[in-house]
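As numbered in the working numbering, residues 4 to 218 make up the sequence shown, in order.
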Amino acid sequence: MTVVVSLGGSFLFEHPEKISELNRLIKKVNEQFIVVCGGGMVAREYINFASGLDLDSEFLHKVGIELTRVNAMIIAKKLGGGFYNKDPRRIELMSKVTVTGGYKPGWTTDTCAAYAAVASKSDILFNLSKEKNVYDKDPSEHRNAKPIKSMLFSDLYRLTKGSRKPGMNFIFDPLAGKICEKNEITVVVTDDPLDISNYLNKKEVDGTIIKGLNW
Ligand code: UTP
4 MTVVVSLGGS FLFEHPEKIS ELNRLIKKVN EQFIVVCGGG MVAREYINFA
54 SGLDLDSEFL HKVGIELTRV NAMIIAKKLG GGFYNKDPRR IELMSKVTVT
104 GGYKPGWTTD TCAAYAAVAS KSDILFNLSK EKNVYDKDPS EHRNAKPIKS
154 MLFSDLYRLT KGSRKPGMNF IFDPLAGKIC EKNEITVVVT DDPLDISNYL
204 NKKEVDGTII KGLNW
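Written out as structure tokens, the structure is:
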């Protein structure tokens, strides 16, 4: 089975030690991995810079994509994997781990991860984020935000309304959620790479599990 990991930009920059943990975990388990890297703060800074020069939004998305690819190159080197920079809907596994970034202006890397999961017939996508869970409110703004341990895609859509502009930031992109829901791909949102092996070993996970209504 192939396991898809959407590595949020926030996770990449805030938890470098957890990348080493992910690396050890990938080496230990039998599954093949597709790792999709986000752009994070670096992408947002460049997008803001280009936006300040009044450049159009298609171009700003392209700037974001390039930054996700730089991150993907670095992570591919760290994980000893192959770097893929083409359409995730046709992704081919290059080795035990294949690492990619963004692809199409207006998407997010969560969307690329969802398409890569469909292409590789995976039924599980881990979204590694700086947050341990999905919360009922934005935890960076509300100290009383409550973690949700298990939810439906329809709950995700309610919580992730927002504009789709360059540098957009969702806990998990609802467009990616739609692709996962349609293809019966379970999503686990977590800040802990150990949740990957816990889930694969059918143990309880600390993160949030998102599923469809009848599966
Ligand atoms: P992401 O939004 O996917 O990176 O890409 P992120 O914010 O680091 O990811 P998360 O939210 O933490 O998981 C950054 C920007 O690059 C552009 C978009 O403008 C996006 O906001 N992008 C990325 C695309 O236009 N197309 C892609 O396929 C990927």
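Glycine residues also receive a C-beta, built at the ideal position from the N, C-alpha and C atoms.
{"Item": "heavy atom of the ligand UTP below 7 Å from GLY215 C-beta", "Value": "no"}
{"Item": "Three-state secondary structure assigned by DSSP to LEU25", "Value": "helix"}
{"Item": "Under the three-state DSSP convention, the category ASN201 falls into", "Value": "helix"}
{"Item": "The ligand UTP heavy atom lying under 7 Å from the CB of MET76", "Value": "no"}
{"Item": "Limits of the unbroken alpha helix (DSSP H) element including ASN131", "Value": "Reading off the sequence, residue 131 comes out as Leu, not Asn. Taken as a continuous stretch (DSSP letters only), LEU131 belongs to no alpha helix (DSSP H), being part of the beta strand (DSSP E) at 127-131."}
{"Item": "Supposed contact pair LEU131 and VAL208 - C-beta distance, whole angstroms, cut 8 Å", "Value": "With 8 Å as the limit, VAL208 and LEU131 do not qualify as a contact, their Cβ atoms being about 12 Å apart."}
{"Item": "Beta-carbon proximity list for ASP90, same chain, < 7 Å, skipping 5 on both sides", "Value": "TYR106"}
{"Item": "GLY11 beta carbon near the ligand UTP (any heavy atom closer than 7 Å)", "Value": "yes"}
{"Item": "Close-in-space but distant-in-sequence residues of the same chain around PHE62 (CB under 7 Å, 5 per side omitted)", "Value": "ALA53"}
{"Item": "For SER9, three-class secondary structure by DSSP", "Value": "strand"}
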